[in-house]
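Right, one structure below, let's go through it.
The structure is reproduced here in structure tokens:
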């Protein structure tokens, strides 16, 4: 299952021909049935370990914010240790704990050195955080008020308000329609009973993946996986999400806000992780708005007209159709002209697709820069977690370049025409009054 | 027990894994640093110029950052936009950044393509086109950047005002991006003069970290950069900060929802400090307060007294001039900014009066040691660190000795620097007093289908 990437060095003639192999993903199930993914990454005495659950904000139901609050509460006391002790146990051995939630999943992650004594202390702590959180009332109140304060602060930011409206416009009644942090109204109503219930339902081994990337042997990874899964309840895998209904009509909505810039977001739901159009849309988007300083949008909005500092587009593939987002920020009086240029640029691209030159340049970037995608443990962790969570083929990385190479101009054009229907675009702007 | 063991282990693992930096200076003065890292077939190349916002006179603040933008606008050999196209077609990632003391450009590439980056950087070091038509558009882009980063962010704005208050005459009082009116009035001549004055091989450091052979990199650097002539660089005027002789306070009233406090003690950087150990002790002090979730501020003010929803402290020892030791916090609902200020000051007083525990000291050291391993996971970060130390005048060797210096800091030294530097008459405080978000705006939404 491994491809060998031959890099013939033209410049460093004295250097021997290099063989670079992608470390393979090793996959097995723990004796309890938990899915494990391991990549050995030797050279630095460190390891990253992530437990990821199908427990994202799409599982919130009406309690928007519960996925986030549950995830944040885990480290505030677990097993026999209170919040101070948990923090101390990580910090003492230089370990770093982190956690995060999006629409599809919630994870907890540990970065630690691999020396036995240090790793054992970090792991013992990590294990109980995942499996034996205390969910104690005063910590619940504290973390809840922190989240409420964050939500309040988000109301200061036009970009955040735009994002919230954007998701609502794209997803209507679908569980992707709200931002993961929820709203002041919904978070205020959350109780510890709700949190415990949410945890018991979703933080279970049948609903989890475990990813280990670092300087360990398979035997060591095996032992860690056994211990981590042993303490978790077995539980049930979460039900599949309902599919996304596209918005019925296109929409333009403006919200007044006391800012000097107007934030503009446009898009619609398009791409799932296992979508058949994934590669044509991915390569096409690189050309349209994904390719940093060289995309068509960047050129039209910033380089030709100086309308914005950043202008971009991207797909966020999820379990169900994730959003296609096009965005920019411009001073209020330019809102109309910037929106027009954005719409025209996207419409032209959908109508005619990329030029051959643009397609060749895109493929050169995506294949020539392939090795940059996983050149450290952090990036590898992100890739492997994605592959594991969405159950993509384990050779996803190995076949990536081949799939990019196969994409034709016509593939891109027809995928964009079929999937990015311009008459369904949702366009949200948030900012001061336009003087025009 | 576990901690002493820990330090021994880490020293071992660090020494086993760290690679040495190799240095070569070309005859035109360009300093080339190479750190070989063979974990992945990738190379990072960064070129750092010794110029940034702290070099700028009044009236043209932000010009270093503006010039950084213009550096993508083409040369005789490569018209505007081509630099980025070439890097993109080679699968590279690139960008640039400007700080108070530096302007830096970088590319990350598959390792066999380093020469592409060298060719392009050498070209724009001497042949840049500065055209009025391009400047006119790029001024707008930078104004938009300023609106995005500062104007519409109450806390960023507060920080900008605080800097301007905390410093009397130091060039650190100006924002890196520049004051808005200065940005609007740059002329091509201003940029041309700035470019001529500072963009020269003898004012730059080229840093390469990745899967390369140092000798090959030196040859390549020689090939592409050695023909660029030296320029006589005039030393900067000192602009040593006037002594502060009393606390300074301000209240910022802006449309916002959440109150916020920023406190800044004026303290020396490693570059200007009397005894170098003091800077490392200040760094440990910052770690005692805010190094991880078990540090004092999180433990006492968030969890213990439950007075802060968020709280932090920080000190950057790597500045060229006098620095600020910063505290920031948001109080919980029902507590005022004054309550918050008093709680923070109480923590400072305790640090001045009582020794930190052995456990705390060991914890900070353990974290620094672990980070020295973790940071080797990122080629970019390693290059950044060398560039930063070298460019502010500390020398890259100083960054390599950082960990050792930290491990020598004692609890008594931490108390001494708290007492010597975190003093009321060197303090500046800013409160954010949130104003209605409805000002200057009609509320509500309008629809069009």
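Protein chains in written order, with this note's numbering: chain A, 3 to 438; chain B, 106 to 554. Even for Gly, the Cβ is constructed at its ideal location relative to N, Cα and C.
Item	Value
Within chain B, partners of residue 262 of chain A - CB distance below 8 Å	252, 256 and 257
N-terminal and C-terminal residue of the beta strand (DSSP E) that residue 533 of chain B is part of	532-540
Amino acids of chain B, ordered along the chain, whose beta-carbon sits closer than 7 Å to that of residue 154 of chain A	362 and 363
C-beta neighbour in chain B for residue 219 of chain A, strict 8 Å	no
Whole runs of the alpha helix (DSSP H) within the region 162-222 of chain B, excluding any shorter than 4 residues	168-175 and 187-194
Per-residue DSSP class, three states only, for residue 492 of chain B	helix
Cα-Cα separation between residue 286 of chain B and residue 534 of chain B, rounded to whole angstroms	26 Å
For residue 373 of chain A and residue 204 of chain A, the rounded distance between their alpha carbons	35 Å
Simplified DSSP state of residue 368 of chain B, which is helix, strand or coil	strand
In DSSP terms, what residue 101 of chain A is bridged to	A:110
Integer-rounded CB distance, given that residue 361 of chain A should sit under 8 Å from residue 411 of chain A	5 Å
Residue 483 of chain B - DSSP class collapsed to helix/strand/coil	coil
Segment contact, 8 Å Cβ cut-off, at least three pairs: the region 523-539 of chain B with the region 447-457 of chain B	yes
Span separating the alpha-carbon of residue 383 of chain A from that of residue 215 of chain A	6 Å
Residue 512 of chain B and residue 464 of chain B closer than 8 Å at C-beta	no
Element boundaries [beta strand (DSSP E), containing residue 271 of chain A]	263-273
Contact belief for residue 495 of chain B with residue 310 of chain B at Cβ below 8 Å, rounded distance in angstroms	5 Å
Cβ pair residue 257 of chain B, residue 263 of chain A closer than 8 Å	yes
Rounded Cβ spacing between residue 182 of chain A and residue 58 of chain A (contact assumed at less than 8 Å)	7 Å
Residues near residue 43 of chain A in its chain [Cβ-Cβ closer than 6 Å; skip 5 each side]	215, 216 and 379
Residue 72 of chain A - containing alpha helix (DSSP H), residue span	68-75
Residue 195 of chain B: contacting residues in chain A (beta-carbon distance under 9 Å)	366, 367, 370 and 371
Three or more C-beta pairs below 8 Å linking the region 116-136 of chain A and the region 264-280 of chain A	no
4 or more residues per run - each alpha helix (DSSP H) lying fully within the region 371-450 of chain B	381-395
Contact set for residue 129 of chain B: own chain, Cβ-Cβ below 6 Å, skip 5 residues either direction	137 and 323
Check whether residue 488 of chain B and residue 317 of chain B have beta carbons under 8 Å apart	no
Pair within 8 Å by beta-carbon distance, residue 360 of chain B and residue 542 of chain B	yes
Pairwise C-alpha distance: residue 362 of chain B and residue 392 of chain A	39 Å
Within-8 Å CB hit, residue 329 of chain B to chain A	no
Residues near residue 3 of chain A by beta carbon distance below 6 Å, same chain, minus five either side	With a pLDDT of 25 at residue 3 of chain A, under the threshold of 50, the modelled position of that residue is not reliable, and the figure given next carries that caveat. Answer for residue 3 of chain A: 26 and 397, listed in chain order.
Cross-chain neighbours of residue 270 of chain B in chain A, by beta carbon under 8 Å	Near residue 270 of chain B there are no residues of chain A at all, since even the closest Cβ is about 22 Å away, more than 8 Å.
Any alpha helix (DSSP H) of 4 or more consecutive residues that is wholly inside the region 158-184 of chain A	160-173
Residue(s) in a DSSP beta bridge with residue 135 of chain A	A:80
Contact under 8 Å by Cβ, residue 355 of chain A with residue 415 of chain A	yes
Beta carbon proximity, residue 145 of chain B to chain A, threshold 8 Å	yes
Residue 107 of chain A versus A:117, A:212 and A:169, residue with shortest Cα-Cα distance	A:212
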